[in-house]
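A short worksheet on the structure shown next.
Protein chains: 2
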Amino acid sequence: MYLLLKMITNAQIKAITSLQEKKHRNQTNSFVVEGRKMAEELLRSDYEIINIFALNKWTLPNTSFAINKVHKNIDEKITYISEKELERISSLKTPDDVLCIVKQKKTQKINLDNQLVLALDNINNPGNLGTIIRLATWFGVKNIICNENTVDCYNQKVLQSTMGAIFHINLFYTNLYQFLQSHTSQNIYGTVLQNGKNIYNEALTNEGIIVIGNESHGISKDILQMINRPITIPCFAKENEIESLNASVACGVILSEFKRQTI
Amino acid sequence: MYLLLKMITNAQIKAITSLQEKKHRNQTNSFVVEGRKMAEELLRSDYEIINIFALNKWTLPNTSFAINKVHKNIDEKITYISEKELERISSLKTPDDVLCIVKQKKTQKINLDNQLVLALDNINNPGNLGTIIRLATWFGVKNIICNENTVDCYNQKVLQSTMGAIFHINLFYTNLYQFLQSHTSQNIYGTVLQNGKNIYNEALTNEGIIVIGNESHGISKDILQMINRPITIPCFAKENEIESLNASVACGVILSEFKRQTI
């Protein structure tokens, strides 16, 4: 098969690399998905793909049913480029054959009944957010609410850490305080330092909102007032050996215990 | 109080920055601890401190009993340096007032009876290793065995991710296969993809070795043969949405379930 190698223009290169910044991602309502694994997961989702830039050796993954059904005329969106060109548009140290430009998903109104929802309060570290999205998907959580200071989910490090789980979860940014204020009849769980109920003994429910706080400062003061089910993960260290767990590890331990109790 | 500001020599700068490489750390049997928080945790441990380089504004933390008892004549080991000098020796983007040169701890023979021990098989990511050390400390694990390909625990990113927990744990590197071969009478747990027992239903013990595998490839083939208690963390995602959990999250979920069952 003869592949037409189109040239990528300088204007395109500039437009693509500008998407490494949140401001430009939001202005254009788009983001970048990089690498074979992420592209494959993307193609199995219903995210709208605008462009694919790929090396000749890359071919559409053979998950064709979903691709043909959701991504119409996807072939026409592929531009084959050289390794040098890929290096110029990639943000990875080692570019991985393919880079896609994708449309962001609009915030969706969600129904919170009969399910567990995560609420993230100032998660700053991209790796933590990505890992939380990945483990939330593992534990069957479908919706994540982020306060406005939580790191952008279309940041490249976040995307890579999700291992593709980003495409299977509904995530949106909002004023978390106002959101919780309008959901005070729900169980609002959060880990607290004092007087939290031990998660191993406390009867946990199969619906409710679980607040995960900032990596260094925990749950912020105003959000803390909204917690009506304070919980805690028991610590087995000697005094003063350790103060806290990593935010994503704590989130994994908590979700695991919720699922264990309510299967 | 008048503080004598000594100069730091170029030879010292070269020697200190060379410790960013594992080879030089092992040759000199030393490593670098950076920042206020880490220095404070270090001073509460019995690690032997060789030198402290600090800005004038840094003072010994007021945990004096432990300091006087363990770290004799610690004052004499402090060299006050300028911000510019600290920048030259630091590996942090934003140097944090203090940098210590510390002696590595010799491998210690450990007694594995009556306790849970972690065995790490090719953990490559420094952040993961640090997070595992931190959560192991939280859950009361005192000993971590690493195979020889696991990332060096005195790597700066590992140290920072431990949040100081590194100073409270006994960790050593060895041939993991041979180690497990000489401990086949113990429970050797490991997460496997097929035929693992659901951790929520399986009766877990309060002693044994828990193997944590590589971030991408899981437990390696030869080590897998040594697992006599295969386990698995139930997945609640829809088919094909997600393949695995992050190694440190999986480790946290597993240790939490062990502790819950055996308190």
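Quick mapping for you: the protein sequence lines, in order, are chains A and B. Start counting the first sequence at -1; every next residue gets the next number (this note's numbering). Start counting the second sequence at -1; every next residue gets the next number (this note's numbering). Glycine included, C-beta positions come from ideal geometry on N, C-alpha and C.
Using a C-beta cutoff of 8 Å, does residue 239(B) count as contacting chain A?
Numbered from its first residue, the second sequence carries residue 239(B) at position 241. Taking Cβ atoms only, chain A reaches closer than 8 Å to residue 239(B), which makes this a yes.
Roughly how many whole angstroms lie between the Cα atoms of residue 236(B) and residue 163(A)?
By one-based count along the second sequence, residue 236(B) stands at place 238. By one-based count along the first sequence, residue 163(A) stands at place 165. Taking the straight line from one Cα to the other gives about 11 Å.
Counting only the same chain and skipping the five closest in sequence on each side, list residues whose C-beta sits under 6 Å from that of residue 89(A).
Here residue 89(A) refers to the residue found at position 91 of the first sequence. So the list reads 18 and 154, once near-sequence residues are dropped.
In the DSSP assignment, what residue or residues form a beta bridge with residue 115(B)?
Counted from its first residue, the second sequence places residue 115(B) at position 117. Answer is 207(B), bridged to residue 115(B).
Sorted by chain position, which residues of the same chain lie with C-beta nearer than 8 Å to residue 121(B)'s C-beta, five sequence neighbours on each side aside?
Start at 1 with the first residue of the second sequence, and residue 121(B) comes out as number 123. Leaving aside the five residues that flank residue 121(B) on each side, the residues in its chain whose CB is nearer than 8 Å to its CB run, in chain order, 127, 130, 144, 148, 149, 210, 212, 213 and 245.
I need the boundaries of the alpha helix (DSSP H) containing residue 171(A), first residue and last residue.
Here the question's residue 171(A) lines up with position 173 in the first sequence. Segment 168 to 172 is the beta strand (DSSP E) holding residue 171(A); no alpha helix (DSSP H) there.
Kindly identify the DSSP beta-bridge partner or partners of residue 76(B).
Here residue 76(B) corresponds to residue number 78 of the second sequence, with the count starting at 1. In DSSP, residue 76(B) forms a bridge with 50(B).
Helix, strand or coil: which one does DSSP assign to residue 101(B)?
Locating residue 101(B) in the second sequence gives position 103, where the first residue counts as 1. Three-state result, residue 101(B): strand.
Cutting at 8 Å between CB atoms, please list the residues of its own chain near residue 134(A), excluding the five before and the five after it.
As a working note, residue 134(A) is residue 136 in the first sequence. Correct list, in chain order: 116, 142, 163, 167, 249 and 253.
Among 51(A), 240(A), 10(A) and 37(A), whose alpha-carbon lies nearest the alpha-carbon of residue 159(B)?
To locate residue 159(B), count along the second sequence from 1; it is residue 161. Per the Cα distances, 240(A).
Residue 137(A) versus chain B: which residues are under 7 Å apart at the beta carbon?
For the purposes of this step, residue 137(A) is taken as residue 139 along the first sequence, with counting starting at 1. Within chain B, the residues near residue 137(A) are 234.
Please check the pair residue 206(A) and residue 185(A), which I expect to be a contact at CB under 8 Å, by giving their CB distance rounded to whole angstroms.
Taking the first residue of the first sequence as 1, we reach residue 206(A) at position 208. Taking the first residue of the first sequence as 1, we reach residue 185(A) at position 187. Indeed, because the Cβ distance is near 3 Å, the residues count as touching under 8 Å.
Would the region 48 to 60 of chain A and the region 77 to 97 of chain A be scored as touching if the rule is three or more Cβ pairs under 8 Å?
yes
Counting pairs of beta carbons, one from the region 192 to 203 of chain A and one from the region 216 to 235 of chain A, are three or more of them closer than 8 Å?
yes
Please report the straight-line C-alpha distance between residue 111(B) and residue 140(B), rounded to a whole angstrom.
Taking the first residue of the second sequence as position 1, residue 111(B) is located at position 113. Taking the first residue of the second sequence as position 1, residue 140(B) is located at position 142. Those two C-alpha atoms are separated by around 12 Å.
Since I believe residue 46(A) is in contact with residue 101(A) (beta carbons under 8 Å), could you give me their beta-carbon distance rounded to a whole number of angstroms?
Translated into positions along the first sequence, residue 101(A) becomes position 103. Translated into positions along the first sequence, residue 46(A) becomes position 48. Right, their Cβ atoms sit about 4 Å apart.
Answer with yes or no whether the minimum CB distance from residue 133(A) to chain B is below 8 Å.
Taking the first residue of the first sequence as position 1, residue 133(A) is located at position 135. Closer than 8 Å: yes.
Shorter than 8 Å from the beta carbon of residue 244(B) to some beta carbon of chain A?
The count along the second sequence starts at 1 and reaches residue 244(B) at position 246. Against chain A, the CB of residue 244(B) has a partner CB under 8 Å away; the residue lies at that interface.
Can you tell which of 138(B), 103(B) and 137(B) has the C-alpha that lies nearest to the C-alpha of residue 152(B)?
Within the second sequence, residue 152(B) is the residue found at index 154, counting from 1. With distances taken between CA atoms, residue 152(B) lies nearest to 103(B) out of 138(B), 103(B) and 137(B).
So is residue 198(A) in contact with chain B if we call contact Cβ pairs under 8 Å?
On the first sequence, position 200 is the one that residue 198(A) refers to. Output row for residue 198(A): interface = yes.
Which residues in chain B have a C-beta closer than 9 Å to the C-beta of residue 163(A)? List them in chain order.
The sequence position of residue 163(A) within the first sequence is 165, counting from 1. Here the neighbours are 235, 239 and 240.
Where in the region 135 to 193 of chain B do unbroken runs of the beta strand (DSSP E), each at least 3 residues long, occur, reported from the N-terminal end onward?
141 to 145, 168 to 172 and 186 to 189
Listed from N- to C-terminal order along the chain, which residues in the region 27 to 58 of chain B have their beta-carbon within a distance smaller than 8 Å of any beta-carbon of chain C?
Protein chains A and B are contained in the structure displayed, whereas chain C is not.
Return no unless some Cβ of chain A is closer than 8 Å to the Cβ of residue 69(B).
Against the second sequence, residue 69(B) aligns to sequence position 71. Cβ-Cβ to chain A under 8 Å: no for residue 69(B).
So, with DSSP's three-state summary, where would you put residue 124(B)?
Start at 1 with the first residue of the second sequence, and residue 124(B) comes out as number 126. Residue 124(B) falls in the helix class under three-state DSSP.
Kindly indicate the opening and closing residues of the beta strand (DSSP E) around residue 237(A).
Start at 1 with the first residue of the first sequence, and residue 237(A) comes out as number 239. Looking at the DSSP string, residue 237(A) is not in any beta strand (DSSP E), and its letter there is neither H nor E.
Distance cutoff 8 Å, beta carbons only. Does residue 257(A) sit that close to anything in chain B?
In the first sequence, counting from the first residue as 1, residue 257(A) sits at position 259. Yes, its Cβ sits closer than 8 Å to a Cβ of chain B.
Closest to residue 190(B) by C-alpha separation, out of 223(B), 261(B) and 38(B), would be which residue?
For this step, residue 190(B) is matched to residue 192 along the second sequence. The residue with the shortest Cα to Cα distance from residue 190(B) is 223(B).
Which of helix, strand or coil does DSSP assign to residue 260(B)?
Walking along the second sequence from the start, residue 260(B) turns up at place 262. In this structure, residue 260(B) counts as helix in the three-state DSSP scheme.
Consult DSSP for residue 28(B) and reduce its assignment to one of helix, strand or coil.
Taking the second sequence and counting its residues from 1, one reaches residue 28(B) at position 30. Strand at residue 28(B).
Return the residues of the region 192 to 218 of chain B that lie within a Cβ-Cβ distance of less than 8 Å from chain A, sorted by chain order.
198
What does residue 189(B) touch in chain A if you count any residue whose Cβ is under 9 Å from its own?
Here the question's residue 189(B) lines up with position 191 in the second sequence. Taking a Cβ-Cβ cut-off of 9 Å, residue 189(B) has no neighbours in chain A, whose nearest Cβ is about 13 Å from it.
For residue 230(A) and chain B, any beta-carbon pair shorter than 8 Å?
Counted from its first residue, the first sequence places residue 230(A) at position 232. Cβ-Cβ to chain B under 8 Å: no for residue 230(A).
Less than 8 Å between the CB atoms is what I'm expecting for residue 39(B) and residue 165(B), so what's the real figure, rounded?
Residue numbering aside, residue 39(B) sits at position 41 when the second sequence is read from its first letter. Residue numbering aside, residue 165(B) sits at position 167 when the second sequence is read from its first letter. So it is a contact: roughly 5 Å between Cβ atoms.
For residue 229(B), report the span of its beta strand (DSSP E) as first-last.
The count along the second sequence starts at 1 and reaches residue 229(B) at position 231. From DSSP, the beta strand (DSSP E) with residue 229(B) extends over 227 to 230.
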